[in-house]
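Worksheet: the structure to be examined is printed underneath.
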Amino acid sequence: MTGEETLHLFLLMLQYLLPTLKLFGFTLLYAIPLGMVVALLKMCRIKPVSWLTRLYILIMRGTPLLLQIIVVYYSVPTLRSNAHCPEFLRNLLNHVELKGDAGDVYMFRMILLAFVLNYAAYFAEIFRGGIEAIPKGQYEAAGMLGFSRIQTFFRIILPQVVKRVIPASSNEIITLVKDTSLAYAMGYMEIMYIAKKQMTTYSSLTPLFMAGVFYFVMATLLTLLFSFVEKKLSYYK
Amino acid sequence: MAKMLEVQNLQKSFGDLPVLRDISFEVGQGEVIAVIGPSGSGKSTLLRCLTQLEHADGGSIAVCGDEMLTEKGYKDAKVLRTIRLKTGLVFQNFNLFPHMTVLRNITEAPVCVLKQDKAAAEQKAMELLRKMGLEAKAKSYPCELSGGQQQRVSIARALALSPEILFFDEPTSALDPELTGEILKVIKELAAEGMTMVIVTHEMSFARDVADRVIFMEGGVIVEQGEPSQLFGESASDRVKQFLARFSE
Ligand SMILES: Nc1ncnc2c1ncn2[C@@H]1O[C@H](COP(=O)(O)OP(=O)(O)OP(=O)(O)O)[C@@H](O)[C@H]1O
Ligand SMILES: [Mg+2]
Numbered sequence: 009m010t011g012e013e014t015l016h017l018f019l020l021m022l023q024y025l026l027p028t029l030k031l032f033g034f035t036l037l038y039a040i041p042l043g044m045v046v047a048l049l050k051m052c053r054i055k056p057v058s059w060l061t062r063l064y065i066l067i068m069r070g071t072p073l074l075l076q077i078i079v080v081y082y083s084v085p086t087l088r089s090n091a092h093c094p095e096f097l098r099n100l101l102n103h104v105e106l107k108g109d110a111g112d113v114y115m116f117r118m119i120l121l122a123f124v125l126n127y128a129a130y131f132a133e134i135f136r137g138g139i140e141a142i143p144k145g146q147y148e149a150a151g152m153l154g155f156s157r158i159q160t161f162f163r164i165i166l167p168q169v170v171k172r173v174i175p176a177s178s179n180e181i182i183t184l185v186k187d188t189s190l191a192y193a194m195g196y197m198e199i200m201y202i203a204k205k206q207m208t209t210y211s212s213l214t215p216l217f218m219a220g221v222f223y224f225v226m227a228t229l230l231t232l233l234f235s236f237v238e239k240k241l242s243y244y245k
Numbered sequence: 012m013a014k015m016l017e018v019q020n021l022q023k024s025f026g027d028l029p030v031l032r033d034i035s036f037e038v039g040q041g042e043v044i045a046v047i048g049p050s051g052s053g054k055s056t057l058l059r060c061l062t063q064l065e066h067a068d069g070g071s072i073a074v075c076g077d078e079m080l081t082e083k084g085y086k087d088a089k090v091l092r093t094i095r096l097k098t099g100l101v102f103q104n105f106n107l108f109p110h111m112t113v114l115r116n117i118t119e120a121p122v123c124v125l126k127q128d129k130a131a132a133e134q135k136a137m138e139l140l141r142k143m144g145l146e147a148k149a150k151s152y153p154c155e156l157s158g159g160q161q162q163r164v165s166i167a168r169a170l171a172l173s174p175e176i177l178f179f180d181e182p183t184s185a186l187d188p189e190l191t192g193e194i195l196k197v198i199k200e201l202a203a204e205g206m207t208m209v210i211v212t213h214e215m216s217f218a219r220d221v222a223d224r225v226i227f228m229e230g231g232v233i234v235e236q237g238e239p240s241q242l243f244g245e246s247a248s249d250r251v252k253q254f255l256a257r258f259s260e
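As they're listed, the protein sequences go chains Z and S. To convert, take the position in the first sequence, counting from 1, and add 8; that gives my numbering. To convert, take the position in the second sequence, counting from 1, and add 11; that gives my numbering.
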């Protein structure tokens, strides 16, 4: 490839960076709070709630994300053409538009849903570990000082949990950047998609190499960001 | 003398293990009580019941005349909370909040729980820190302090809520021997100011010097209680003498 072609390719791929970042950002936005909720549900004293949550986490962590994406994506069309599908559900699903622009929206939402469900399970395990590592004495001291349960969680426990879970969470987040490429399998137009397409156009590996550089730069920036945050939080033990 | 604490027939078991059996005693205003006894005798459990960290199985506990239990069990959460705020507890291992500065460790509860004005709470916290000789450490984090300093901060934190009665569970046990003196000095000062205190301790000379009354516990019961001169003197029961002999070796 000529230098001009490479530059053109680079600018083209830059446009496809946005969908990648969009999937990455929205996944974090929903998966982190959901992961916290799932962690709390798993620690819930009501046994069936805790068991169901455990089952959910087991499934999410025990099966491939790619499989989950495909299942979630095809759930709507498959369910509504299934003869056993209840009437009300079929009516509901019939409103979902799978073609054209609306289809693109549907695709993004379903991929996002799969990512969020999957990553929330991983975050939940990290957060649960973090919460359980807080000594009982912290709760007792807070109780003695009259803090309510909610105040204790948000003022005393959560800040300490955040510090403890940053190293493990940052690993997950860096993995997520690379995992966004799985959306390519559904035809979601992100970096991997354009790289593969351009590879065929130019019959060259350069587009793939360039995609690799994009992921590498994002992962490295995140690594730097997290080591900065860890340093920021190292003012206490 | 007003009664700050009245405990009657207090019972507590963990599963099949009875830990407190029929404990009864009273504490008057300004009194300092030392609780001594062998390991596993239920001293910590007693303090934890009195501060509501554990729920007793039966008996009655009244702080400043307010009963925690009725015949049917514990009163509702709101009543219990008001009672709890009259009690303070100093833990063996301090349990300071590591992510907050010393100053915020002390002001957090007055501001968030008692809704005190932040500036006023900080002023009071600084006064307490001055009393503890830790004025210069207000902006430090707990991990930057020695054990003795951390324990003094935790005492200041408990005092910031102006409790009517302060409980200590072996406040010097987690400290190097040379640091215990600074904590004992603080407790002596509080005693001189008329603070009502119940102190579980293994520091026998301290119990003798500071306590108005000493309670000796074993096997979940109070074996003997009385003035230090009585328990540490010739008239004590053989069991108490035997226990104390181990400390004077
Ligand atoms: N949460 C608990 N669950 C079960 N058993 C407990 C619990 N807490 C205490 N115990 C038991 O109750 C008994 C009394 O314990 P406690 O901590 O009150 O003794 P202690 O007098 O404070 O001893 P020490 O001087 O070693 O601190 C012990 O046998 C202990 O194992
Ligand atoms: Mg104890």
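All C-beta atoms in this analysis are idealised placements derived from N, C-alpha and C, irrespective of residue type, glycine included.
Within the same chain, 128, 131, 132 and 135 come within 6 Å of residue 43 (chain Z) by CB-CB distance, once the 5 residues on both sides are set aside.
Set against 7 Å, the gap from the CB of residue 54 (chain S) to the closest heavy atom of ligand 2 is smaller. Per DSSP, reduced to three states, the secondary structure at residue 85 (chain S) is strand.
The segment 17-44 of chain S contains, as complete beta strand (DSSP E) runs of 3+ residues, the segments 28-39 (chain order). Taking 8 Å as the CB threshold, residue 44 (chain Z) stays off the interface with chain S. Between residue 63 (chain S) and residue 107 (chain S), the beta carbon gap of about 21 Å keeps them out of contact (Cβ cut-off 8 Å).
In terms of Cα proximity to residue 155 (chain Z), the closest of S:155, S:142, S:121 and S:234 is S:121. Short note on residue 28 (chain S): C-beta closer than 7 Å to some heavy atom of ligand 1. Of all residues in the segment 154-165 of chain Z, those with a C-beta nearer than 9 Å to a C-beta of chain S are 154, 155, 156, 159, 163 and 164, reading in chain order. Residue burial annotation: residue 103 (chain Z) is exposed, with fewer than 16 other C-beta atoms found within 10 angstroms of its C-beta. Take the alpha-carbon of residue 93 (chain S) and the one of residue 123 (chain Z): they are about 47 Å apart. Exclusion of the five residues before and after residue 237 (chain Z) leaves 174 as the residues of its chain whose Cβ lies within less than 7 Å of its Cβ.
If the five residues before and after residue 204 (chain Z) are omitted, its C-beta is found closer than 8 Å to the C-beta atoms of 192, 215 and 216, all from its own chain and listed in chain order. Chain Z has a Cβ within less than 8 Å of the Cβ of residue 96 (chain S). The alpha-carbon separation between residue 113 (chain Z) and residue 90 (chain Z) amounts to approximately 23 Å.
Annotation for residue 65 (chain S): 59 place their beta carbon closer than 6 Å to its own, counting only its chain and skipping 5 residues before and after. Taken atom to atom, the span from the alpha-carbon of residue 233 (chain S) to that of residue 226 (chain S) is near 7 Å. Within the same chain, 165 and 168 come within 6 Å of residue 142 (chain Z) by CB-CB distance, once the 5 residues on both sides are set aside.
What residue 85 (chain S) touches in chain Z, judged by beta-carbon distance under 8 Å, is nothing: the nearest beta carbon there is about 15 Å away. Taken through DSSP and simplified to helix, strand or coil, residue 129 (chain Z) comes out as helix.
Pairwise C-beta distances place the segment 119-135 of chain S out of contact with the segment 159-167 of chain S, as fewer than three of them are shorter than 8 Å. Residues of the segment 167-186 of chain Z that bring their beta carbon within less than 8 Å of a beta carbon in chain S comprise 167, 168 and 171, in sequence order. For the segment 116-129 of chain S, residues whose beta-carbon sits nearer than 8 Å to a beta-carbon of chain Z comprise 119, 120, 123, 124 and 125. Distance from residue 211 (chain S) to residue 181 (chain S) at the Cβ level is roughly 6 Å; contact confirmed, criterion being Cβ atoms closer than 8 Å. Assigned with DSSP and collapsed to three states, residue 54 (chain Z) falls in coil, not helix or strand. Not one heavy atom of ligand 2 falls within 7 Å of the beta-carbon of residue 229 (chain S).
Looking only at S:35, S:147 and S:16, the smallest Cα-Cα distance to residue 78 (chain S) is reached by S:16. Proximity of residue 240 (chain Z) to chain S, defined by a Cβ-Cβ separation below 8 Å, is not satisfied. Contacts with chain Z (Cβ-Cβ distance below 7 Å) from the segment 47-76 of chain S involve 62 and 64, listed in chain order. Relative to the Cα of residue 74 (chain S), the nearest Cα in the group S:83, S:81 and S:95 belongs to S:95. Annotation for residue 48 (chain S): no beta strand (DSSP E) segment contains it, and DSSP assigns it neither H nor E. Between ligand 2 and the CB of residue 214 (chain S), the shortest heavy atom gap is not smaller than 7 Å. Between ligand 1 and the CB of residue 178 (chain S), the shortest heavy atom gap is not smaller than 7 Å. A direct Cα-to-Cα measurement between residue 199 (chain Z) and residue 244 (chain Z) gives close to 40 Å.
If you look at residue 88 (chain Z), you'll find it in the alpha helix (DSSP H) that goes 73-88. Its chain contains 197, 198, 199, 201 and 202 as the residues whose beta carbon lies nearer than 8 Å to that of residue 24 (chain Z), once the 5 sequence neighbours on both sides are disregarded; these appear in chain order.
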